[in-house]
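> Heads up: the sequence shown begins at 1 in full-length UniProt numbering, then just goes up one per residue.
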Amino acid sequence: MSLEGYKVITAREMARIEKLSIQEGASDEGYMLKAGAGIAERVALFIKEKRLQKRVTLLVGKGNNGGDAFVAGTLLLKKGYIVQAYHLFPTEESSPLCQKHKQAFTDAGGLVFFPKKAAEISCKGVLLDGLLGTGFQGQLEGILLDTVEHVNRSKQPILAIDIPSGVNGNTGEVNPIAVNAAETIFLGLPKIGFFLGEGYNYIGKLSPVDFGLELRYVHQACGMAHMLNEKNLPSLLPELTRTRHKYQAGYVLAVSGSPGMPGAAMLTCLAALRAGAGIIRLFHPMGMENELLHAPYEVIRTPYKDDPAALLLEMSRAAAMLIGPGLGRAQERGTFLKSFIDHITVPTVIDADGLFHLKGMFAKFPFPCVLTPHHREMLQLLGKEKFDDMFDECQKFAHENAITLVLKGAPTFIFHKDKPPLIIARGDPGMATAGTGDVLTGMIAALLAQKLPPREAAALGVYMHARAGECVAEMNTSYDLIASDLLEALPRVFKELSDLSLM
Ligand SMILES: NC(=O)C1=CN([C@@H]2O[C@H](COP(=O)(O)OP(=O)(O)OC[C@H]3O[C@@H](n4cnc5c(N)ncnc54)[C@H](OP(=O)(O)O)[C@@H]3O)[C@@H](O)[C@H]2O)[C@@H](O)CC1
Ligand SMILES: [K+]
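1) Say the cut is 8 Å; is the CB of serine 165 nearer than that to a heavy atom of ligand 2?
2) Among Ile323, Pro157 and Thr345, whose alpha-carbon lies nearest the alpha-carbon of leucine 52?
3) Should glutamate 173 be counted as a contact of ligand 1 given a C-beta to heavy atom distance under 8 Å?
4) Could you tell me whether the segment 132-139 touches the segment 103-117, where touching means 3 or more Cβ pairs closer than 8 Å?
5) Could you please give the first and the last residue of the uninterrupted beta strand (DSSP E) stretch that includes aspartate 353?
6) Hey, is threonine 134 close to ligand 1, as in C-beta under 8 Å from one of its heavy atoms?
7) In terms of residue numbering, what span does the alpha helix (DSSP H) encompassing alanine 309 cover?
8) Can the beta-carbon of glycine 188 be found less than 9 Å from the beta-carbon of glycine 130?
9) Near methionine 378, what residues of its chain come up, given a Cβ to Cβ distance below 6 Å and the 5 sequence neighbours on each side ignored?
10) Is it the case that the CB of leucine 131 approaches a heavy atom of ligand 2 more closely than 8 Å?
11) For arginine 55, name the three-state secondary structure that DSSP assigns.
12) Let me confirm a value: serine 258 is counted as buried when at least 16 other C-beta atoms fall within 10 Å, else exposed. Which label applies?
13) So what does serine 207 bridge to, in DSSP terms?
14) Does the beta-carbon distance from cysteine 123 to threonine 184 come in below 9 Å?
15) If alanine 459 sits next to leucine 422, beta carbons under 8 Å apart, how far is it from one beta carbon to the other, in whole angstroms?
16) Near glycine 66, which residues of its chain fall below 6 Å by C-beta distance, leaving aside the five closest residues on each side in sequence?
17) What distance in whole Å lies between the Cβ atoms of alanine 119 and histidine 87, which are believed to be in contact at a cut-off of 8 Å?
18) Within 10 angstroms of the Cβ of proline 296, are there 16 or more other Cβ atoms? Answer buried if so, exposed if not.
19) Pick out whichever of Arg376, Thr91 and Thr335 has its Cα sitting closest to the Cα of methionine 390.
20) Please report the straight-line C-alpha distance between leucine 140 and alanine 466, rounded to a whole angstrom.
21) Only counting the same chain, and skipping five residues up and downstream in sequence, which positions put a Cβ closer than 6 Å to that of leucine 490?
22) Considering just the uninterrupted stretch of the alpha helix (DSSP H) at proline 238, what are its terminal residues?
23) Quick one: residues in its chain with C-beta nearer than 6 Å to the C-beta of proline 325, no 5 flanking neighbours on either side, listed in chain order?
24) For alanine 449, which residues of its own chain have a beta-carbon under 7 Å away from its beta-carbon, when the five flanking residues on both sides are left out?
Have a look at this one:
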């Protein structure tokens, strides 16, 4: 079952394949009419779902992005919506299709204003952003900049056509500001700039609209990554045989925790149990027994000093391992890890301080390995201060070390040898809090123990973890979310997925 959803490309590449298809006989106006119809449908749905007044204000630039807005506006007018347009440029400076559909809009009774200043724009109803799309380069200035600031300040919901104006669809750069979209109605394919840099802060919800580009152009487009195909996730849920016992359900060994950091170990172990592991045993440094006195009943604890014999014995029975959360950077921890690492044969997740101690060794590991660094940890692994080309550097790292790399963040990226990078654009800002990474590590380890291949375990783990964050924030707020809330939300996420798998 494929994990790859929408191909994600640069805005430049999108413009290239559109142009090529038009040179080969497709109609640009046909594209615009279909795009406009899809956009009008999305706007109507947004208004219906939010129970808003049927009122729309078009913000129109001089290109075909503005033409799309006029086509959608005309259709909405004809359906009885109140629609007015603000065209920031003189008609004669606009693209031929923009001019033509402005005329159609006025013919249908729509009013078009030509504001001299942004303050003249009256932000009524839903704002439809057709200022700039794939043709945008450089930075916002003058009336475009003032308009974006003005509409953002209005707090009216903004739906962006194709790309929120001001976001660079190639790089995610926002200079100095962009339309703060409640929803981005992307045409054809999502643009990589949505997921890079500041871009991710401006796109809101992503909704696709098909404008009729033939599939062969999509296939030949040079992709940077793929969005995760969420529809296929339910089929990844491990099968449960009636007769299984806890070792068959998945035995996870954790090497985690250190004096003063029992919490990370507990979060990761509980997450592994909640994500379906049949049994989890925590190996923790000797001397922290008191700190673990109130550990949950389900977690088996074994202290270690410097002899890995007990761990090696258990390793022969384990189905997966996890190494790192709360381990600390003391030298003896690294020495201990190195005393058994070459004997691992089962899939293993390495996180946090595990990454620190084992840096430079991953290529030699004979077992399937999932690394889960956040951006700063990734830079440390690469030995750099900042990324020059994040995609290229991470893909190369995954390839050279033959590992699965989960680059945690908003969004999270998954890299794997010979596979396209995956983007998981899920989660909640409230998840930027201590311990959420430990939860993810435990979840991925549990899924590995239940026999999912590493890339699949990483993708399902990241999705479920992010979705749990969304559920918590929906029930409460993003401000109060703490890592252990995710454990409580996981049953709901499992329920969602298993209900879908029955459909
Ligand atoms: N092609 C197709 O088949 C289809 C295209 N479709 C739609 O068309 C959109 C692309 O349209 P587009 O190419 O006309 O450009 P668009 O994004 O509207 O920009 C307008 C103009 O802004 C200008 N500009 C650039 N940077 C600037 C800056 N910093 N500050 C100020 N101005 C700046 C630049 O003009 P310039 O300044 O170079 O003269 C540019 O031409 C695409 O996103 C989708 O919505 C769909 O209908 C489906 C089929
Ligand atoms: K736009």
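Don't be surprised by glycine CBs; every beta carbon is placed ideally from N, CA and C.
On the basis of the supplied data:
1) yes
2) Pro157
3) False, no ligand heavy atom lies under 8 Å from that Cβ.
4) Look at the beta carbons and you see the segment 132-139 not touching the segment 103-117: under three pairs across the two are nearer than 8 Å.
5) Careful: aspartate 353 lies outside any beta strand (DSSP E), inside the alpha helix (DSSP H) at 352-358.
6) yes
7) 309-315
8) no
9) Leu407
10) yes
11) In this structure, arginine 55 counts as strand in the three-state DSSP scheme.
12) buried
13) Ile185
14) no
15) 6 Å
16) Val60, Cys98 and Gly130
17) About 16 Å; that fails the 8 Å criterion.
18) exposed
19) Arg376
20) One C-alpha to the other measures close to 33 Å.
21) Arg274 and Ala468
22) Neither: proline 238 is in no alpha helix (DSSP H) and is coded neither H nor E.
23) Ser256, Ala264, Thr268, Asp351, Ala352, Asp438 and Thr441
24) Gly250, Tyr251, Val252, Ala277, Ala319 and Ala320
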